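Here it is in structure tokens:
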């Protein structure tokens with residue numbers, strides 16, 4: 052969301068100085084009453100009314116490691132997150148590594164072989180029972 056313009060800020064402060072309440076000013080200009088109060092407070096404390104510089108989000112810590120992470124997963128898909136952490140040589144948390152894997156859009160299936168060798172009942176199959184339809 053973009054910051055409110057300087058024109059709006061000056062009009063809000065002029066109406067506030069003219070005696071309108073913060074709620075009245077907020078309703079007139081369709082802004083929140085808390086924003087009007089914070090703007091007045093900021094002018095009172097620092098004399099500034101200009102919008103502050105927008106903060107930039109930090110670059111994710113594993114961004115430089117993403118190609119290596121993808122290669123490690125491709126090379127050995129059944130590595131655990133802890134093993135990936137150790138192979139990368141990073142102190143990033145396991146949750147951070149998991150989010151990086153999601154960012155790479157790599158799906159990891161666990162226990163694929165075990166499910167395939169399990170009983171038909173566990174797989175959701177018919178269990179070997181034949182069903183007959185009345186039309187047969």
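Numbering (our numbering), first residue to last: 52 to 187.
Each residue gets a CB set at the ideal place from its N, CA and C atoms; glycine is no exception.
Note that this is a predicted model, so its numbers are computed, not measured.
Report all residues from its chain with a CB closer than 6 Å to the CB of residue 74; omit the five preceding and five following residues, and keep chain order. Its chain contains 84 as the residues whose beta carbon lies nearer than 6 Å to that of residue 74, once the 5 sequence neighbours on both sides are disregarded; these appear in chain order.
Taking just the CA atoms, how far does residue 112 sit from residue 88? Taking C-alpha positions only, residue 88 is separated from residue 112 by approximately 37 Å.
Indicate whether residue 70 and residue 76 have their beta-carbon atoms separated by less than 7 Å. Taking 7 Å as the cut-off, the beta carbon of residue 70 is found no closer than this to the beta carbon of residue 76.
Could you spell out where the alpha helix (DSSP H) holding residue 57 opens and where it closes? For residue 57, the enclosing alpha helix (DSSP H) begins and ends at 57 to 68.
Candidates 108, 110, 60: closest to residue 86 by CA position: For residue 86, the closest C-alpha among the options 108, 110, 60 is that of 60.
If distances are taken between C-alpha atoms only, which option among 153, 119, 127, 125 comes closest to residue 141? Distances from the CA of residue 141 to each of 153, 119, 127, 125 were compared; the closest alpha carbon is that of 119.
Suppose contacts are defined by Cβ-Cβ distances below 7 Å. Is residue 102 in contact with residue 54 by that definition? Cβ distance < 7 Å, so residue 102 and residue 54 count as in contact.
Determine the burial state of residue 146: buried for a count of at least 16 other Cβ atoms within 10 Å of its Cβ, exposed for fewer. Label assigned to residue 146: exposed.
Please report the distance separating the alpha-carbon of residue 107 from that of residue 114. Per the coordinates, the alpha-carbon of residue 107 lies some 16 Å from the alpha-carbon of residue 114.
Quick one: grab the DSSP three-state call for residue 85. DSSP places residue 85 in helix when its eight states are reduced to three.
Around the C-beta of residue 122, are 16 or more other C-beta atoms found within 10 angstroms, so that it is buried, or is it exposed? Counting the other Cβ atoms within 10 Å of the Cβ of residue 122 gives fewer than 16, which makes it exposed.
Straight-line Cα distance separating residue 72 from residue 117: About 53 Å.
Can you tell me whether residue 124 is helix, strand or coil according to DSSP? Here residue 124 sits in helix by DSSP.
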